[in-house]
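Colleague: I have a structure here, written as structure tokens, and I will follow up with some questions on it.
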Amino acid sequence: MSDKVDLKSLQTTIKEGETMEEKQAIVEDKAKTEGKQAPAPAVRLCSTCKTKKTISPRHDICGSCLAAKGKLKREQTAKNALLATKTEKVKEDKGPVEKAAHSKDMKVVVDFAKYPSILNHIQKLADDQIRPVDAQIIFLIKQRFETFHDLKGA
């Protein structure tokens, strides 16, 4: 609430014929009566420490408690950021994961002596698709299993 007196109410109260002292007395009297009508707002105590006044009537915390609360929040934010960087470093340190277990007896030797035309056909496909012959054979077998699985599932 401001200390200024309402101008319109003063203008209606002061008459033109009054002296300067009378006008000043009216202004002072008006200011005193307005001060009595609007009581000062009650002092609120901090909800945290219950000893100090709040920052303003709208807040429920004092300045020192607000500063302590802000400091705690900043410390927690820094701690969370530190934990996030530590977890990222752990993720980076992991080695490559193998797709499947390999063993030495997973090798098959195929003899195309009786079927040279099939081997020639596989070599042409491998050249067209820019693959080695052994990778082309694995691709054809895998493709065959996928189509068989699709037909069986439908």
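Taking the working numbering as reference, the numbering of the sequence shown is continuous, increasing by one, and the terminal residue is 191.
Just so it is clear, CB atoms sit at the ideal spot from N, CA and C, and this is done for glycine as well.
#1: Would you call the segment 99-115 and the segment 78-91 in contact, with 3 or more CB pairs under 8 Å?
#2: The alpha helix (DSSP H) that contains Leu-82, what's its start and end?
#3: Would you tell me roughly how many angstroms separate the C-alpha atoms of Ser-84 and Arg-95, rounded to the nearest one?
#4: What does DSSP give as the partner residue(s) for Lys-90 in the beta ladder?
#5: Under the rule that 16 or more other beta-carbon atoms within 10 Å means buried, what is Gln-160, buried or exposed?
#6: Let me confirm a value: Gln-180 is counted as buried when at least 16 other C-beta atoms fall within 10 Å, else exposed. Which label applies?
#7: Where does the unbroken alpha helix (DSSP H) through Pro-153 begin, and where does it stop?
#8: Can you grab the Cα-Cα spacing for the pair Ser-154 / Ile-175, in whole Å?
#9: Rounded to a whole number of angstroms, what is the C-alpha to C-alpha distance between Asn-117 and Lys-108?
#10: With burial defined as no fewer than 16 other Cβ atoms inside 10 Å of the residue's Cβ, what is the status of Ile-178: buried or exposed?
Modeller: With the structure as the only source:
#1: yes
#2: From DSSP, Leu-82 is part of no alpha helix (DSSP H); its letter is neither H nor E.
#3: 12 Å
#4: Leu-82
#5: exposed
#6: exposed
#7: 153-165
#8: 18 Å
#9: 14 Å
#10: exposed
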